Amino acid sequence: MQTSAHHSELDRGACLMLLAGGGVGRVVFTEAAMPAVAPVVYHMDDEEVVFRTAVGSTLAAATWARVIAFQADCIDLRTHTGWTVLGVGQTHEVVDGVRLAALGRRLPAALVPVHTIALRLERLSGLRLAGRSG
54 MQTSAHHSEL
64 DRGACLMLLA
74 GGGVGRVVFT
84 EAAMPAVAPV
94 VYHMDDEEVV
104 FRTAVGSTLA
114 AATWARVIAF
124 QADCIDLRTH
134 TGWTVLGVGQ
144 THEVVDGVRL
154 AALGRRLPAA
164 LVPVHTIALR
174 LERLSGLRLA
184 GRSG
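Counting from 1 along the sequence shown, just add 53 to a position and that's the residue number in the numbering used here.
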């Protein structure tokens with residue numbers, strides 16, 4: 054694990070703990086062979102990032118059984134402290150009715166028909182930012 058005066062690497066357990074609170078993150082995918090990023094409201098379910106995407110959307114097509122990246126952070130711009138976490142893995146649609154019902158209580162209400170997508174975090178890395186000195 055590498056450390057500098059301004060940041061230190063986080064292990065998998067620390068990354069999962071930071072992501073556990075859910076919130077807003079960014080899904081990184083390819084669209085027409087170009088990188089693309091979309092913000093999503095996410096919830097952690099065990100070691101999977103779960104989010105919703107509108108049926109027929111670009112994000113739905115890009116995250117349908119694909120390898121994608123997910124990034125979330127919480128950084129105080131005044132003190133330059135906080136954390137950032139990046140995960141990569143395979144997605145799958147959540148179809149189990151019991152799991153969907155439980156997730157439905159944790160994710161924002163859907164105003165349009167949605168797919169519920171889960172990302173298995175196969176690779177996970179993160180940094181804790183310690184701020185700058187001086």
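We put the beta carbon where it would ideally sit given N, CA and C, even for glycine. Please read all numbers here as calculations on a predicted model, not as lab measurements.
So V167 packs on R79, CB below 8 Å; how close in whole Å?
With 8 Å as the limit, V167 and R79 do not qualify as a contact, their Cβ atoms being about 18 Å apart.
How do the segment 132 to 144 and the segment 169 to 187 stand: do at least 3 beta-carbon pairs fall below 8 Å, yes or no?
yes
Inter-residue Cα distance where the pair is D98 and W117:
18 Å
By DSSP, does L180 sit in helix, in strand, or in coil?
strand
May I have the straight-line CA-CA distance separating D149 from I128, to the nearest angstrom?
35 Å
Starting from V120 and walking both ways along the beta strand (DSSP E), at which residues does that stretch end?
120 to 129
In terms of alpha-carbon separation, which member of R65, A183, A73 lies closest to R131?
A183
Which ranges would you report for the alpha helix (DSSP H) in the segment 125 to 163 if only whole runs of at least 4 residues count?
150 to 157
Please work out which residues of its chain come closer than 8 Å, Cβ to Cβ, to W136, disregarding the five sequence neighbours upstream and downstream, and give them in chain order.
L63, L71, D126, C127, I128, G179, L180, R181, L182
Extent of the continuous alpha helix (DSSP H) to which L71 belongs:
65 to 72
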